[in-house]
Amino acid sequence: MIVDELYGLAVWLNREVAPNLGLYDNLASVLEHNARAAQKSAVAEPLQDLENMLAAMPMEQLSSEQIELLKANGALSYLGKEGLSRFKRIVRSNTFDPVTAWEEARAAYTVVSETVSKLDSMKRALEAANVPVQRPFVIDEGIVTRLHFKDKANIGDVAELKKWSAEWYEIARGLSAAVGEKPEDVRIIGAGTGSLILVLATTVAIASTLAVLALRVNTIAKSVLDVLNGIEDLRHKKVLNKTIEDAMKEQAEAIRASGVAEAVNDVKNQIGKAINKEVEGQLQKSVEKYFAFTEKGGEIDMIAPPKLETDEEAEIARDITQLQDAIESVRLGRSNLQIMLGKDG
Numbered sequence: 001m002i003v004d005e006l007y008g009l010a011v012w013l014n015r016e017v018a019p020n021l022g023l024y025d026n027l028a029s030v031l032e033h034n035a036r037a038a039q040k041s042a043v044a045e046p047l048q049d050l051e052n053m054l055a056a057m058p059m060e061q062l063s064s065e066q067i068e069l070l071k072a073n074g075a076l077s078y079l080g081k082e083g084l085s086r087f088k089r090i091v092r093s094n095t096f097d098p099v100t101a102w103e104e105a106r107a108a109y110t111v112v113s114e115t116v117s118k119l120d121s122m123k124r125a126l127e128a129a130n131v132p133v134q135r136p137f138v139i140d141e142g143i144v145t146r147l148h149f150k151d152k153a154n155i156g157d158v159a160e161l162k163k164w165s166a167e168w169y170e171i172a173r174g175l176s177a178a179v180g181e182k183p184e185d186v187r188i189i190g191a192g193t194g195s196l197i198l199v200l201a202t203t204v205a206i207a208s209t210l211a212v213l214a215l216r217v218n219t220i221a222k223s224v225l226d227v228l229n230g231i232e233d234l235r236h237k238k239v240l241n242k243t244i245e246d247a248m249k250e251q252a253e254a255i256r257a258s259g260v261a262e263a264v265n266d267v268k269n270q271i272g273k274a275i276n277k278e279v280e281g282q283l284q285k286s287v288e289k290y291f292a293f294t295e296k297g298g299e300i301d302m303i304a305p306p307k308l309e310t311d312e313e314a315e316i317a318r319d320i321t322q323l324q325d326a327i328e329s330v331r332l333g334r335s336n337l338q339i340m341l342g343k344d345g
């Protein structure tokens, strides 16, 4: 993770979480009182206040690496919609236990407070040392899209850099042509190290088509994993034979093979208008190369801008809201796949 991202996460926590730490503490205090005293206090109001805050928390403004850092510190499960679901399960459950609920609420306050404090201390240290940092993912217009070149899609030398540059030119060329734009509308605005991360600025239209592709990839990967897990389940039950295994593997390959055609149709439906044969050919090639990128372990991540609310920008605001929903679905799908694969993050 680059320094700018760490700094940006600290800024985000100070803005979105730090002012609301009292809501965690209020709920924990009421639950502690109810766990200890015979005369109970009302839980509904402090719980609703916390739930309203968590529901409105703009997690889509964070990158996947920032989210992973929150997870590593134990705070992610108490933030945003994940935190909302957790508190509903703890406090509104039919099996509600006052002591367990109090302990969980107090743990949430402690973990979130400590995470805010640690990141803020790091932010202050960077500022005191005059380290040049800037808020990442801030551009004049468009959507920040990050390409993660990792696993078999890693870039380790200039030959691989040349190869993947050519591949992503074709991906950008096909998608931009499909939405009536140019490859030059996809700009490079930064890069990170480790597993190389290339940071792009894309238009809302191009970002939306990338989100559609990412959703399709998640769907296909889940379907393939379901079949492969089915094979292992039958093997474990000792009812698997070669004929059944071969048939199920053929089914998995058929799902993979159909993915490109389905993704092309997804993009065409997203665009909502006819495209000529030349553009469709470019789109087909773009989708094939995107699938190859993801099959080798590459990932994309998008950071949506804040919602627009002015009347003259109503159409753009609607598109951004839809994109934010798509980004959330992509991340949820990726998280579910990691769980299926037995990976933690």
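Residue 1 is where the sequence shown starts when you use this note's numbering, and the numbers rise one by one after that.
Quick reminder that beta carbons are idealized off the backbone N, C-alpha and C, glycines included.
Fair warning: this is a prediction, and the values are worked out from it, not measured in the lab.
Query raised in the report: Relative to the ligand GDP, is the shortest distance from any of its heavy atoms to the C-beta of Val260 smaller than 7 angstroms?
Result: Of the ligands one can find in the structure shown there are none, so the ligand GDP has no counterpart to examine.
Query raised in the report: What is the rounded straight-line gap between the Cα of Ala101 and the Cα of Asn20?
Result: CA-CA distance, Ala101 to Asn20, rounds to 19 angstroms.
Query raised in the report: Is Arg216 closer than 8 angstroms to Leu200 when the C-beta atoms are compared?
Result: no
Query raised in the report: Does the distance from the C-beta atom of Ala178 to that of Val279 stay below 8 angstroms?
Result: yes
**Report entry** Burial state of Leu249, where buried means 16 or more other Cβ atoms lie within 10 Å
**Finding:** According to the sequence provided, residue 249 is Lys. The question's Leu does not apply to it. It counts as exposed.
Report task. Would you mind sorting Glu16 into buried or exposed? The rule is 16 or more other CB atoms within 10 Å of its CB. Result -> buried
Report task. Can you have a look at Gln39 and say buried or exposed, based on whether 16 or more other CB atoms are within 10 angstroms of its CB? Result -> exposed
Query - Collapsed DSSP secondary structure at Arg92 in the structure displayed - result: coil
**Report entry** Cross-strand partners of Asp144 (DSSP beta bridge)
**Finding:** Rather than Asp, the amino acid found at residue 144 in this sequence is Val. Answer is Ala201, Ile303.
Query raised in the report: From Asn269 to Thr321, what distance separates their C-alpha atoms?
Result: 18 angstroms
**Report entry** DSSP state of Ile188 mapped onto helix, strand, coil
**Finding:** Ile188 carries a strand assignment under DSSP once its states are collapsed to helix, strand and coil.
Query - From Asp301, Leu323, Ala55, residue whose alpha carbon lies closest to that of Arg334 - result: Asp301
Requested in this report: Pull up the CB-CB distance for Ala207 and Ile143, whole angstroms please, since I reckon it's below 8 angstroms.
Outcome: 4 angstroms
Requested in this report: Reducing DSSP to helix, strand and coil, say where Gln270 ends up.
Outcome: helix
Query raised in the report: By a C-beta neighbour count over all protein chains shown, 10 Å radius and 16 as the cutoff for buried, is Gly345 buried or exposed?
Result: Any reading at Gly345 is ruled out, since the residue's pLDDT is 45, under 50, leaving its predicted position unreliable.
Query raised in the report: So, is Gln66 buried or exposed, given that buried needs 16 or more other C-beta atoms within 10 angstroms?
Result: buried
Query raised in the report: Where does the unbroken alpha helix (DSSP H) through Lys237 begin, and where does it stop?
Result: Element bounds for Lys237: n/a, residue is neither H nor E.
Query raised in the report: With C-beta atoms as the reference, is Arg146 less than 8 angstroms away from Ser286?
Result: Contact annotation: Arg146 and Ser286 have beta-carbon atoms that are not nearer than 8 angstroms.
Requested in this report: Can you have a look at Phe291 and say buried or exposed, based on whether 16 or more other CB atoms are within 10 angstroms of its CB?
Outcome: buried
Query raised in the report: Touching or not, the region 81-89 and the region 52-70, by the rule of three or more beta carbon pairs under 8 angstroms?
Result: yes
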